[in-house]
Structures are given as structure tokens and as C-alpha cells.
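See below for the structure under consideration.
2 protein chains.
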Amino acid sequence: MPAEEKLYDLAELFKVFGDSTRIKIIWALFEEEMCVCDIASLLNMTQSAISHQLRVLKQARLVKPRREGKNIFYSLDDEHIEAIFYQGMKHISE
Amino acid sequence: MPAEEKLYDLAELFKVFGDSTRIKIIWALFEEEMCVCDIASLLNMTQSAISHQLRVLKQARLVKPRREGKNIFYSLDDEHIEAIFYQGMKHISE
DNA sequence: CTTATGCATGAGCTGTTATTCATATGTTCA
DNA sequence: TGAACATATGAATAACAGCTCATGCATAAG
Chain A
79 MPAEEKLYDL AELFKVFGDS TRIKIIWALF EEEMCVCDIA SLLNMTQSAI SHQLRVLKQA
139 RLVKPRREGK NIFYSLDDEH IEAIFYQGMK HISE
Chain B
79 MPAEEKLYDL AELFKVFGDS TRIKIIWALF EEEMCVCDIA SLLNMTQSAI SHQLRVLKQA
139 RLVKPRREGK NIFYSLDDEH IEAIFYQGMK HISE
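If you read the protein sequences in the order shown, they are chains A and B.
Here the numbering used here is used: the first residue of the first sequence is 79, the next is one more, and so on.
Here the numbering used here is used: the first residue of the second sequence is 79, the next is one more, and so on.
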């Protein structure tokens, strides 16, 4: 059994994935980087709500921002996400 | 982008993994099947708390019970869990 | 049958979390 | 400088989740 702290961190990571809004954001970013307002309109949610969730994703080092003028574009910052989602999809598709 | 419902189910799955108690239970079951009281004493928690969490894991079809006399032994019921955990561990170990 | 043991379950409490609303920060352009 | 736009942030609210406590149910032993 790994160290207590490792298991706690692992739970924290999965907790970030445990929200459908964040799942949708990540899935959108699989395609291409997007700015906050585009994510908001794509998911039909307020800019504020998206911004709050992006903050969570950023703190978990799953996405990273890039400013371009007034817009801030977010992109995925981890190559393991896709593998995790793939395995998760396999489970729920049984 | 997959169907709304699929993404919701995926979030629900990760939500189950998003608790350190359940992570510990699953990790314990990687080794071998265990009865409720043994899991409780291993994690130093009450039998009730473990039973509640096992219910969550069972509903997500991640573990399955097997009765043997008065004891009920739980074991993992999904071959994807290990792969998901492995990828998750890779992320937090950066 | 009675008692003891292992597990499940429901209610209640408490801490957490996702969203909204209002507002602040930062950038561009006139 | 000032207006307009994009994003971030803090407070507030409502829903949710995990634990404890009390208790019910099933099985085994006497």
C-alpha cells in the first residue's frame, strides 16, 4: 500500500475529474485550445462558472493558460488524461 | 464530444474514486479479497463507515460481495481500475 | 429458541462544493 | 484617458457527501 499522502493525492486528482462540467471542459480541450468565453458558450454556462472550474483544473496542473490579447486560451497540460479517460470509458461501457 | 449522458457517467465514476477512504479500500483489494471487518481494522475505521463506502463501490460495480458464513468478502469487479490508478499515479508523480 | 457476531441501513450532523451575483483586474482601441 | 471587452475573484446560497450513532437483519453456535 502506497504512502497515505500518495493515496490522498490520488483521490484529489480523481475528485477533479468527478464533475461533469470539468469533464466537458477537458473533453473540449482534447480537440484544441480554447478561450474562456468559447468554452462558456460551448457548454452553455456563464463565464464565471467556467472560470471557477478552470481555476480548479489549473491548480491540479491539468490545464495551462496562454494570454493572447484580451483572451486567455487554455490547453491541456498532461498527457495522461486521455489514457485515464479512455480506461474510465471502458468501465462505463460494459 | 460524447453524449451528455456518457460524460455524466464518466464523472460519476471518477467521483467514486475521489475519496481517499474508497481509494484505500480499492488498494487493499488489489492484494486479495477481504471481509468488511478486516478492511475496517486495516484502515482503522468503523465497520459502519466501511460498509457505507462499500455500498458506493458496489453500486458503481467496482467491487462484488461473496458471503462465507457470517462474513462477507469483497473483491474487485473490474479489470480497468488498475490501469486508471496507474495513469493517475503517473500524473501526481511529476 | 437464544445469544453473539458480522454486516447493512437510515437519520442526523457537519464540512465541502458548484453555481450565481457583484465587482475587480487587465488589455485593446479610440 | 476613458470606454469596451475578456477574465478572475470573493461572498453567498443551496445541494451534496462522509462519518457517527442507533438499530435491523442474517447467520452460526450453544
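We treat Cβ as the ideally placed atom computed from N, Cα and C, and that holds for glycine.
Since we're looking at a predicted model, the values are computed, not measured.
- For Lys136(A), no chain B residue has a C-beta closer than 8 Å to its own C-beta; the minimum C-beta separation is roughly 14 Å.
- In this structure, DSSP gives Leu154(A) an extended state, which the three-state scheme calls strand.
- Cys113(B) and Ile117(A) have their C-alpha atoms roughly 46 Å apart.
- Listed along chain B are Ser98 and Ile101, each with a C-beta nearer than 9 Å to that of Tyr86(A).
- Contact annotation for Gln131(B) against chain A: no contact, minimum CB-CB distance about 12 Å [criterion: below 8 Å].
- When rounded, the separation of the alpha-carbon atoms in Lys148(B) and Thr124(B) is 18 Å.
- The C-alpha of Gly166(A) is placed about 12 Å away from the C-alpha of Tyr86(B).
- Under DSSP, the beta-bridge partners assigned to Met112(A) are Tyr152(A).
- Interface annotation, Glu172(B): in contact with chain A, CB-CB separation under 9 Å.
- It is roughly 8 Å from the alpha-carbon of Thr99(B) to the alpha-carbon of Gln131(B).
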